[in-house]
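Residue numbers (the working numbering), protein chains in the order written: chain R, 19 to 247; chain D, 119 to 534.
All C-beta atoms, glycine included, are put in the ideal place defined by N, C-alpha and C.
Values in this document were obtained by computation on a predicted structure and should not be read as measured data.
Okay, so here's the structure we're looking at.
This is how it looks when you write it as structure tokens:
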């Protein structure tokens, strides 16, 4: 599903060039539940941004579902983000002036799906994450855990191949973190590839495979026995 | 364009910043309102001032005889110049640019008056001998009956058309004058028409206090032979009245043996210069109004652009999120531009309605009373044009902010 080869990425800061990713090789198969761990500055967020086609890289190759993602036009990038990927962010990133249902339905709007159909699908997903009764609530009327569940529903609605989550539990207490992780595992169980970036060992422990990054390279990988998938 | 979600979003942003949006829209509204008001009052002023002109044929004038001041071909100066029908024929034959000649006679000389009698009522009015062309030269509106026609002149019919004031003074209220006989200097003429003036004020008063009879009938009835007091003329459309006037005077000078340099022997007057001056003035005024109005509009549109820039800045995160979940740059651009267009078009439309409303109200209040102000109005085309300018302006106002919005990279927006 995800195949990256010798990816290098550096940021230019005036005369200095700061290399963040120093040749990363990684393969994630369809249906995997993977976490990426590492201390801050290890390049894990940059890696996730590249995986999410939110950022460019200079060297190497990134194949998503068999398609090379390199030097894409903004329009193409938008298309792949919309059809192949679902994002979940640490700070939820819901649109404040739209209710839960509209937030979930938004990706389908950009696929030109009719209003009635996308609202129906959004409602189904809200039921799936257990928030059907909150469909008409605005984000500021929801708790953190509820917001994140809405965000997961939004990530799922375009039926993407991969769910990318950037510190999805970073802003949640441990109890709601568990609920959200359960939801990710459930999503994974339904066949979706899920990649979670985290710095919390407990979160990583709930995934089947953990990739440890350090100083822009893959340091090692661990496999959790008993974890899902 | 008819995308429910986009409308919803536009509405949401507008409601979120009510005061700011309102102030911005006021800029546009005020711009269009002022522009329409200026255009409307300009039109009213133009109508008021040019009303008297509109009664005259555009390219017309008069030539009359005076006394010679230079000796010529053995003739002494101080000789009075009088015209007759032969001069009229010569002029008509020789001058190609002439549309129509209107030779006139007046009973009792310029400003003189005659006894006009109907039944037991007598009054003093001016009486003129005319040809049909005169009513093309100085247009009048017939309230009743008809004007003088060519056969009246050819057959020397003793008919008369009378001004509305003549009708009012001589006849009982509601009495139909058509078919009645009035006595002019002791000769009976049958009334066939009543006319109203198209001019205002004193000029109109003079117009409606006159009686017009066929030129030939007047010459015969009042013992004037072939004599003519002065010529009115209309130049062909596209020809200059001044040129025709000059040619007429050349013909007359030759026939009357007037020294070619004798500028005092003939009097002349044409409205062409006055027309042109007036037209130039109002054309200039119109340009000025458009210039000021468009400037005000531009200020409003720039205001919208500024607000949209702020809006884009405030929505950076939101736009980033949209981009991350699949919004194309184009969809962001159209969102911003549409919002700008909606703001300007709506505000402009309100300005348009109010502007037209105020002009209409002015119309009602002022009516036809003011001498220099008449029928202030903005024609439909102008109104539509200004609205089109506004929508285009709205597009332009949205362009820069939209560009900025489209260049927002989702990753930067999300991380901020």
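Residue 100/R has a beta carbon lying within less than 8 Å of a beta carbon in chain D. Counting the other Cβ atoms within 10 Å of the Cβ of residue 210/R gives 16 or more, which makes it buried. Nearest CB-CB separation between residue 520/D and chain R: not below the 8 Å threshold.
Setting aside the 5 residues that flank it on each side, residue 387/D is surrounded in the same chain by 179, 180, each with a C-beta closer than 7 Å to its C-beta; the list follows chain order.
Between the alpha carbons of residue 187/D and residue 377/D lies a distance of about 9 Å. Under the DSSP assignment, residue 244/D falls outside any alpha helix (DSSP H), being part of the beta strand (DSSP E) whose first and last residues are 239 to 248. Closest in C-alpha terms to residue 456/D, from the list 189/D, 221/D, 145/D, 518/D, comes 518/D. Looking at the DSSP output, residue 299/D sits in a beta bridge with 308/D. Residue 122/R places its beta carbon 8 Å or farther from that of residue 183/R. For the pair residue 218/R and residue 55/R, the Cα-to-Cα distance works out to about 8 Å. A straight-line Cα-Cα distance of about 18 Å links residue 329/D and residue 349/D. The distance from the Cβ of residue 287/D to that of residue 241/D is about 5 Å, consistent with a contact at the 8 Å cut-off. As computed with DSSP, residue 227/R is found in a beta bridge with 52/R, 241/R. Taken in chain order, the unbroken stretches of alpha helix (DSSP H) that lie wholly in the stretch 179 to 233 of chain R and span 4 residues or more are 192 to 207, 219 to 223. Annotation for residue 155/R: no alpha helix (DSSP H) segment contains it, and DSSP assigns it neither H nor E. Using a 10 angstroms sphere on the CB of residue 237/R, the tally of other CB atoms stays under 16, which defines it as exposed. Its chain contains 167, 168, 170, 171, 201 as the residues whose beta carbon lies nearer than 8 Å to that of residue 147/R, once the 5 sequence neighbours on both sides are disregarded; these appear in chain order. Around the beta carbon of residue 479/D, a 10 Å sphere encloses fewer than 16 other beta carbons of the protein chains shown; the residue is thus reported as exposed. A direct Cα-to-Cα measurement between residue 521/D and residue 389/D gives close to 57 Å.
Judged by their CB atoms, residue 118/R and residue 149/R are nearer to each other than the 8 Å cut-off. If you compare the alpha carbons of 74/R, 107/R, 136/R with that of residue 190/R, the shortest gap goes to 107/R.
If you look at residue 20/R, you'll find it in the beta strand (DSSP E) that goes 20 to 31. Going by beta carbons, residue 223/D and residue 346/D fall inside the 8 Å limit. Close CB contacts of residue 155/R within its chain, under the 7 Å cut and outside five residues either way in sequence, are with 117, 118 (chain order). The beta carbons of residue 248/D and residue 333/D sit about 6 Å from each other, so the pair counts as a contact at 8 Å. Residues of the stretch 75 to 100 of chain R with a C-beta atom less than 8 Å from some C-beta of chain D are 92, 93, 96, 97, 99, 100, listed in chain order. Listed in chain order, the non-local C-beta contacts of residue 267/D below 7 Å within the same chain comprise 250, local neighbours out to five positions each way being set aside. Per DSSP, residue 414/D is one residue of the alpha helix (DSSP H) stretching across 390 to 432. Residue burial is scored here from C-beta neighbours: residue 75/R has at least 16 other C-beta atoms within 10 angstroms and is therefore classed as buried. Comparing alpha carbon positions, the residue from 317/D, 476/D, 233/D closest to residue 167/D is 317/D.
Your pair residue 310/D and residue 277/D checks out as a contact, with CB atoms roughly 5 Å apart and the cut at 8 Å. By the Cβ neighbour-count rule, residue 367/D is buried, with 16 or more other Cβ atoms within 10 Å of its own. By a beta-carbon distance limit of 8 Å, residue 203/R contacts residue 51/R. Their separation comes to about 7 Å. The C-beta of residue 455/D comes no closer than 8 Å to any C-beta of chain R. Residue 82/R is positioned such that its CB atom lies closer than 8 Å to that of residue 98/R.
Residues of chain D whose Cβ lies closer than 7 Å to the Cβ of residue 67/R are, in chain order, 529.
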